[in-house]
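Engineer:
Take a look at the structure:
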């Protein structure tokens, strides 16, 4: 059975950062897209150190957003009501999972950066959520109606009166 060699790695200050690991060696704690110089290696336990060439770290692979969805595609509200739209980006490990909400008509319905909406006036508006890269969108149609007035009581002393409510 072959003897597996293990190595120690030292940073540019001479501090041991990897202790007795077999090749290939992964060095934790390095910054992506950076070049490190002055690192050395030795067989584990040996005192003689061999300079390593430049260590160049790669940027992590970018993971693209494949979709964005809203938890609701239609909202029916009365003037003054509030509502909440929740966006979900896929895949969850995408490099940039940020997004922004906009309303097609702020006079009908508004929405803030967290998806909290408010019905302002009767009409229809479309709330759109767009990924930061602009590649994916989802929409919800917001239909706002005037609230139905509540009439608790109608009183009259005229026994022949007719009341019509519209």
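Residue numbers (our numbering): -13 to 152. Glycine is no exception: its CB is placed at the ideal position from the N, C-alpha and C atoms. All figures in this text were calculated on a predicted structure; none of them were measured in a lab.
1) Does the beta-carbon distance from residue 81 to residue 61 come in below 7 Å?
2) Let me make sure I understand the geometry here. Which of -1, 44, 85 and 7 has the alpha-carbon closest to that of residue 25?
3) Quick one: what's got a C-beta closer than 7 Å to residue 53's C-beta in the same chain, skipping five residues either side?
4) Output the distance between the C-alpha atoms of residue 89 and residue 73, rounded to the nearest integer angstrom.
5) Out of 116, 22, 96 and 102, point me to the one whose CA is closest to residue 109's CA.
6) Do you know offhand how far residue 140's Cα is from residue 149's?
7) What's the C-alpha gap between residue 147 and residue 136?
8) From which residue to which residue does the beta strand (DSSP E) around residue 114 run?
9) With distances taken from CA atoms, which of 32, 134 and 79 is nearest residue 47?
Structural biologist: Reading from the atomic positions:
1) Mapped onto the chain shown, residue 81 falls at position 95. Mapped onto the chain shown, residue 61 falls at position 75. Contact: no.
2) Counting from one through the chain shown, the residue named residue 25 turns up at place 39. Checking every option, the nearest Cα to that of residue 25 belongs to -1.
3) As a working mapping, residue 53 is identified with position 67 in the chain shown. 76 and 122.
4) What you label residue 89 is simply residue 103 of the chain shown in a count that begins at 1. What you label residue 73 is simply residue 87 of the chain shown in a count that begins at 1. Cα to Cα, the separation comes out at about 15 Å.
5) The residue labelled residue 109 in the question sits at position 123 within the chain shown. For the residues 116, 22, 96 and 102, the minimum Cα distance to residue 109 belongs to 96.
6) Working through the chain shown from its first residue, we reach residue 140 at position 154. Working through the chain shown from its first residue, we reach residue 149 at position 163. Looking at the two C-alpha atoms, the distance is approximately 8 Å.
7) One-based indexing of the chain shown puts residue 147 at position 161. One-based indexing of the chain shown puts residue 136 at position 150. Distance between the alpha carbons of residue 147 and residue 136 is about 21 Å.
8) Locating residue 114 in the chain shown gives position 128, counting from the first residue. Run containing residue 114: 109 to 117, per the beta strand (DSSP E) assignment.
9) Within the chain shown, the letter at position 61 stands for residue 47. Residue 79 is the option with its Cα nearest to residue 47.
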